[in-house]
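Under the UniProt record's numbering, the first residue of the sequence shown carries the number 1, and numbering increases by one thereafter. Data first, discussion second: the structure below is written as structure tokens.
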Amino acid sequence: MRVDYNLFGKYISEIYRFSNSFLTKKYAKFNIGSGQIMFMINIYKNEGISQEKLSEMLNIDKGTTARAIKKLEDQGYVIRLKDRKDRRAYNIMPTYKALQIKKEFFNILNEWNKKITENLTEEEVSITLSALEKISENQKNKGEDLIKWIDKQD
């Protein structure tokens, strides 16, 4: 069987666009944009995480992280606390307002994940997640090499 590697981009793009559309509509009632969703997930799961660690976990630059946190702070979902050991660093905590919507926040994610995997077996879901994780790690580990390769394509 011959694999059409060109389909990776097509399917990843479709999944991203449909996910973004669904989640944007569902989280609109909380005034949480698609750019803040992954931050909220990780703040809920890692209360007190530093902005720097959050950037590393999500593989997102510090400026983008700062802007996303600022939006969440302005909406009343997080507070930034100075780190006791490193006064230059901030730790991010969910507020009472964020904790009030936590269950519904994750229910929305679960609803979407169930919808997009409804005709897959548990084994297929596991294999897909494992493959996507490996692809993501390849991209991270070879990031600079990939950028150099892309630059050479011009």
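Where is the CB? At the ideal position from N, CA and C, for every residue including glycine. Since this is a predicted model, take the numbers as computed values, not measurements.
As summarised for the segment 82–132, the continuous alpha helix (DSSP H) elements at least 4 residues long and confined to that stretch are 96–116, given in chain order.
Boundaries cannot be given for residue 2, as no alpha helix (DSSP H) includes it and DSSP labels it neither H nor E. Judged by DSSP in its simplified three-state form, residue 69 adopts helix. Beta-bridge partners assigned by DSSP to residue 79: 93. Beta-bridge analysis with DSSP links residue 50 to 91. A check of alpha carbon separations from residue 53 across 111, 130 and 91 identifies 91 as the nearest.
CA-to-CA, the gap between residue 30 and residue 83 works out to about 28 Å.
Contact annotation: residue 79 and residue 93 have beta-carbon atoms nearer than 8 Å.
Taking 8 Å as the upper bound for CB-CB distance, residue 39 and residue 69 are in contact here, some 7 Å apart. The beta carbon of residue 47 sits closer than 7 Å to the beta carbons of 93 and 94 from its chain, once the five residues preceding and following it are set aside; these are given in chain order. Judged by DSSP in its simplified three-state form, residue 74 adopts helix.
Taking 8 Å as the cut-off, the Cβ atoms of residue 44 and residue 97 do not count as close. Looking at 19, 32 and 49, the one whose alpha-carbon comes closest to that of residue 76 is 32.
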